[in-house]
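The next block holds one structure in the form of structure tokens; read it before the comments.
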Amino acid sequence: MNEKLRKSGIDIVGGLPWGTHICQFYDSKEDLVDILIPYFKLGLENNEFCVWITAQPLDFEDAKEAIRKAVPYFDSYLDKGQIEIISYTCLYITRRIYDSERVINILDRKTQSCLGKWL
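Residue numbers (my numbering): 10 to 128.
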């Protein structure tokens with residue numbers, strides 16, 4: 010199989026085929042930031058639509074502050090809708106209940122909406 014690899018932004022991972030899913034274990038909030046910031050930074054630089062769903066130990070405000078420090082002109086990406094940072098409680102939980110169908114529908118709408126914009 011001769012798939013074109015794309016940079017992941019994560020040095021230890023290197024290049025990956027498009028659509029690859031990875032799982033990364035981390036020990037601290039700082040470890041999580043060290044993994045995610047380069048990943049999202051590269052996605053933004055490559056004109057990709059990015060969705061960051063936050064959960065503890067890195068909440069919405071922490072995530073926004075961390076990426077703002079690392080990505081020049083981050084607010085312009087945010088303003089034009091190229092990245093969304095969403096707390097898991099806003100996406101996954103409705104009336105204290107996890108609704109998988111709702112989550113799938115929301116993410117599908119986001120995907121469909123960005124296809125014409127960012128690809």
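Even for Gly, the Cβ is constructed at its ideal location relative to N, Cα and C. Predicted model only: the values in this text are computed from it and were never measured.
Taking the C-alpha atoms as reference points, what is the distance between residue i and residue j?
| i | j | result |
| --- | --- | --- |
| SER122 | ILE113 | 14 angstroms |
| ARG15 | GLY24 | 5 angstroms |
| ARG105 | CYS99 | 11 angstroms |
| ASP20 | ILE31 | 14 angstroms |
| TYR110 | VAL60 | Note on identity: in this sequence residue 110 is Glu, with Tyr being the wrong assignment. So the two alpha carbons sit approximately 18 angstroms from each other. |
| ASN56 | GLN33 | 24 angstroms |
| VAL80 | GLY90 | 15 angstroms |
| THR120 | TYR35 | 28 angstroms |
| TRP27 | PHE58 | 14 angstroms |
| PHE83 | SER17 | 19 angstroms |
| TYR107 | LEU45 | 25 angstroms |
| ILE115 | VAL22 | 29 angstroms |
Can you tell me the Cβ-Cβ gap for residue i and residue j, rounded? I've got them flagged as a contact below 8 angstroms.
| i | j | result |
| --- | --- | --- |
| TYR86 | LEU53 | 5 angstroms |
| SER96 | THR63 | 5 angstroms |
| ALA180 | ILE92 | Because the chain spans 10 through 128 in this model, residue 180 falls outside it and cannot be assessed. |
May I ask you to check if the CB of residue i is nearer than 7 angstroms to at least one heavy atom of the ligand HEM?
| i | result |
| --- | --- |
| ILE44 | Judged by which ligands are present, the structure shown has none, so any question about the ligand HEM falls away. |
Report the three-state DSSP secondary structure of residue i (helix, strand or coil).
| i | result |
| --- | --- |
| VAL80 | coil |
| LYS89 | coil |
| ILE102 | strand |
| SER37 | coil |
Please determine if the region 41-58 and the region 75-90 are in contact, where contact requires at least 3 C-beta pairs separated by less than 8 angstroms.
Contact between the region 41-58 and the region 75-90 is present: 3 or more CB-CB pairs across the two stretches fall below 8 angstroms.
At least 3 beta-carbon pairs within less than 8 angstroms: the region 35-43 vs the region 54-68:
In this structure the region 35-43 lies against the region 54-68, because at least three pairs of beta carbons, one per stretch, are closer than 8 angstroms.
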